[in-house]
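Following: one structure in structure tokens, then a few remarks.
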Ligand code: ARG
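Residue numbers (my numbering): 400 to 748.
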């Protein structure tokens, strides 16, 4: 039975993504706008790189992920994997798109307790990405999980704002839109980052579906308005947060409840991007760590200052690498989805 209430309790079962089908879409307006940093509508459908990634990237990523899976197995953690995505282009009544790839289950599926939620993501190329997890979702439902899919967003051109809207965001608020990786869980309290990958209506929808038992707190886009929260804040264990020093400039910018926890600032990251290809993630992907238990983290092996800081805070580290993490846009938190953690639903604030 799936069950995961927070970011730190002991992991028992986890989904690990794959780099095998990595492909950069060309037709995804929202994605291109985010990553080509365009300021004109003409630039939007002009992704300089698209298509299959070089075979070397697939192979080396597979090697790195296999090593990670081996380590998880040694810890007696059950590992589940996605299935190959359909390789075809697709369409809705409103648009056509080519595909993204199932490397980051963290972005498209959200586990809250015994619920597994397909989130209403902002990118057209990822519209059908959960197909790679369909059989798993059905199996989990069979075991008693509650399987939900958010209302499919239309993702019309008008949801995107290449000049940034009044809130400074590239994502408008016409319908609920968010990626699961905009969310951090701490028992009855859920933190939701308002950003280019999560809007206010998305927060409202999530709060309405979780019900009054839970409180969904917004994290201000003043902290980080771009893609996902997990290179900005990590909830390490009850009472301890790792924060990105370039983004969390003052503790008052954090949601009130998080201000009651101790915040440690990540040291500057060791710059590492193995491929010649333009990375789609910043150097801060180095703090995209995965807690396997309140005293055990999987961390990018290059980040020795960060590893030292964690050890000083009584967290043991399993150092591993994802050589193409920045190119493919995912570290150890992104490429996983912890579906079973020990521990129960608790109030931490
Ligand atoms: N956009 C973040 C950065 O560049 C990386 C976040 C990746 N997270 C994820 N779940 N895919 O720092």
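Each residue gets a CB set at the ideal place from its N, CA and C atoms; glycine is no exception.
Selected residue, minimal CA-CA separation from residue 660, among 477, 481, 634: Here the closest residue by C-alpha is 634.
Cβ-Cβ distance between residue 503 and residue 416 below 8 Å: Yes, the pair counts as a contact, with Cβ atoms nearer than the cut-off.
Start-end ranges of the beta strand (DSSP E) lying completely within the region 709-733, minimum 3 residues: For the region 709-733, whole beta strand (DSSP E) runs of length 3 or above, ordered along the chain, are 715-719.
Three CB pairs or more closer than 8 Å across the region 485-495 and the region 580-592: No, because fewer than three Cβ pairs between the region 485-495 and the region 580-592 fall closer than 8 Å, the two stretches do not touch.
Anticipated Cβ contact below 8 Å, residue 665 with residue 642, distance rounded: Rounded, the Cβ-Cβ distance is 7 Å, consistent with contact.
Proximity test, residue 733 beta-carbon vs ligand 1 heavy atom, cut-off 7 Å: Relative to the non-hydrogen atoms of ligand 1, the Cβ of residue 733 comes within a distance shorter than 7 Å of at least one.
Simplified DSSP state of residue 670, which is helix, strand or coil: Residue 670: coil per DSSP, three-state reduction.
Outcome for residue 432 when other beta-carbon atoms lying within 10 angstroms are tallied against a minimum of 16: Result: buried.
Every unbroken alpha helix (DSSP H) within the region 620-659, with a cutoff of 4 residues, ordered by chain: You should have found no qualifying run.
Runs of alpha helix (DSSP H) lying entirely within the region 503-532, each at least 4 residues, in chain order: Listed in chain order, the complete alpha helix (DSSP H) runs (minimum 4 residues) inside the region 503-532 are 504-507.
Residue 418 CB to nearest heavy atom of ligand 1 below 7 Å: Residue 418 Cβ: outside cutoff for every heavy atom of ligand 1.
Cβ-based neighbour list, residue 741, same chain, cut-off 7 Å, excluding 5 preceding and 5 following: Closer than 7 Å at the Cβ level, and outside the excluded window around residue 741, lie 408, 409, 411.
Cβ pair residue 575, residue 604 closer than 8 Å: Using a Cβ distance threshold of 8 Å, residue 575 and residue 604 count as a contacting pair.
Residue 423 classed as buried or exposed, judged by whether at least 16 other C-beta atoms fall within 10 angstroms: Residue 423 comes out buried.
Under 8 Å between C-beta atoms of residue 663 and residue 598: No.
Nearest-angstrom Cα separation, counted from residue 532 out to residue 687: Answer to the nearest angstrom: the Cα atoms are 22 Å apart.
N- and C-terminal bounds of the alpha helix (DSSP H) containing residue 684: For residue 684, no alpha helix (DSSP H) segment is defined, and its DSSP state is neither H nor E.
Touch test, the region 686-700 against the region 726-736, Cβ-Cβ under 8 Å, three pairs minimum: Here the region 686-700 lies against the region 726-736, with 3 or more beta-carbon pairs under 8 Å apart.
Neighbourhood of residue 468 by C-beta, 7 Å cutoff - its chain only, sequence neighbours within 5 removed: Within the same chain, residue 468 has close Cβ partners 415, 478.
Meets three-Cβ-pair contact criterion under 8 Å: the region 607-627 and the region 550-570: Result yes; three or more Cβ-Cβ pairs closer than 8 Å.
Residue 705 versus residue 529 - alpha carbon distance: Each residue's alpha carbon lies about 33 Å from the other.
Which listed residue (482, 716, 673, 509) has its alpha carbon closest to that of residue 694: The candidate whose alpha carbon is nearest that of residue 694 is 716.
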